[in-house]
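Okay, so the sequence shown: first residue is 21 according to this note's numbering, each after it adds one.
Note that beta-carbon positions come from the ideal geometry of N, C-alpha and C, so glycine has one too.
Bear in mind that the values here come from a model prediction, so they are computed numbers and not experimental data.
Accompanying notes for the structure given below.
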Amino acid sequence: MFIDQLKTVFYLGILSFIFLIIGFAIGGNTGIIIALIFSLIINTISYWYSDKIVLKIYNAHHAEYSQYTRLHDIVIDVSTRASIHKPKLYIINSQTPNAFATGRNEKNATIVVTEGILTLLNDQELKAVIAHEIAHIKNKDLLISTVSVVIASAIAYIALLARIVTFSSPDENNSPGFFELLLLTLIAPISATILRLAISRSREYVADDTGAKIIKDADSLSEAIIKIENSPKIKSGNPASANLFIVNPFSGKTIMKLLSTHPSTNERIKRLRKLSFN
């Protein structure tokens, strides 16, 4: 797990470096300052409202204890084991089985599950999925995910702005370094996206490991992931939020591994089966 933690720090560092480089290439020291201010604004908005936005996208509603007693009892059990505050619970009215965690931090965290996952999984498998999501909360992945998305998005916006400014100015087209800047504005967003996806994959491994350790049961998490992976994919939603879910609900056979928000199911199962709690 330490290697995956190290990878996350490394990927975030590279993302930040790309962000500063493109800011400097566009406007020197002033460009860096503008880029940082731009990022701060986006980061602030994302930090305070990203959870509300994603709940709205999926029309999630609050899970009342009287109606979802089984779910609440499982979450209380796992939260106690993990020594964290019990997250808020929301439900998506979809028969596609899946789950994700969102929120600013542990005290403001929300776990969202679909109706489908409540039907598909037995109690121990559902507990394993909840443990995976609580692991994301405990490991502060909610903040890490937000920061990586914000930096990658800011790079893309600034690169687009740079291309617009460059092509709209005849003098810029003939200036030294024009093609280098153009190439940078094309490569930087792609590189940032790949790195953001790499961060997402790395955090999934860590959440699998932590979640299994919380409930001391890796087999049930393996079975749950396999069941969810083999179920029909979600029919509506925003693919940009795919990294939130325990299993990518939008993944198709043609998606390249490099551009996947999640590690392969086979690799996740392989790692989980190496864990022993005897």
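Residue i, buried or exposed, once every other Cβ within 10 Å from all chains shown has been counted against 16
i, result
"Gly48", "exposed"
"Ser103", "exposed"
"Ile53", "exposed"
"Asn125", "exposed"
"Leu206", "exposed"
"Thr64", "exposed"
"Thr50", "exposed"
"Leu180", "exposed"
"Ile61", "exposed"
"Phe297", "exposed"
"Pro196", "Low confidence applies here, because Pro196 scores a pLDDT of 46, under 50, leaving its location unreliable and the question unanswered by this model."
Nearest candidate by alpha-carbon position, reference residue i, set the options
i, options, result
"Thr89", "Asp143, Glu249, Ile266, Ile57", "Asp143"
"Leu56", "Ser240, Gly43, Ile65", "Gly43"
"Phe30", "Ser220, Asp228, Asn268", "Ser220"
"Asn114", "Leu140, Pro107, Lys106", "Sequence inspection shows Ser at residue 114; the Asn mentioned does not correspond to that position. Residue Leu140 is the option with its Cα nearest to Ser114."
"Ala107", "Phe297, Ala121, Thr64, Pro117", "Per the sequence shown, residue 107 should be read as Pro rather than Ala. Comparing Cα positions, the closest option is Ala121."
"Pro117", "Ala262, Pro252, Phe297", "Pro252"
"Asn250", "Ala262, Ser165, Ile137", "Ile137"
"Ser165", "Leu40, Ala45, Ile41, Ala262", "Ala262"
"Ala83", "Phe58, Asp71, Val133", "Val133"
Distance between beta carbons of residue j and residue i, contact taken as under 8 Å
i, j, result
"Ala218", "Ile175", "With a Cβ gap of about 15 Å, Ala218 and Ile175 do not count as contacting."
"Glu153", "Ile266", "7 Å"
"Ala227", "Asn286", "Not quite, the Cβ-Cβ distance comes to about 17 Å (not below 8 Å), so this is no contact."
"His156", "Lys127", "Wrong, their Cβ atoms sit about 15 Å apart, outside the cutoff."
Whether residue i touches residue j by CB criterion (8 Å)
i, j, result
"Lys147", "Ile235", "yes"
"Leu109", "Ile73", "no"
"Tyr78", "Ile112", "yes"
"Ala119", "Val149", "yes"
"Ile254", "Pro269", "yes"
"Ser240", "Glu145", "yes"
"Leu162", "Ala129", "yes"
Same chain, Cβ closer than 6 Å to residue i, neighbours up to 5 away in sequence not counted
i, result
"Ala238", "Ala232, Leu292, Leu295"
"His92", "Tyr85"
"Ala151", "Val98, Gly231, Ile234, Ile235"
"Thr274", "For Thr274, the pLDDT reaches just 46, beneath the cut-off of 50, and the residue's location in the model is therefore unreliable, leaving the point undetermined."
"Arg101", "Ile234"
"Ser242", "Ile289, Leu292"
"Leu264", "Phe120"
"Ile34", "Leu215"
"Leu40", "Ile52"
Same chain, Cβ closer than 7 Å to residue i, five either side skipped, listed in chain order
i, result
"Pro283", "Arg221, Glu224, Tyr225"
"Ser211", "Ile38"
"His81", "Tyr110, Ile111"
Proximal residues to residue i (C-beta, below 8 Å), its chain only, five neighbours per side dropped
i, result
"Trp68", "Arg124"
"Ala247", "The sequence shown places Lys at residue 247, rather than the Ala named in the question. For Lys247, where only same-chain residues beyond five positions count, the Cβ hits under 8 Å are Pro117, Leu140, Leu141, Glu145."
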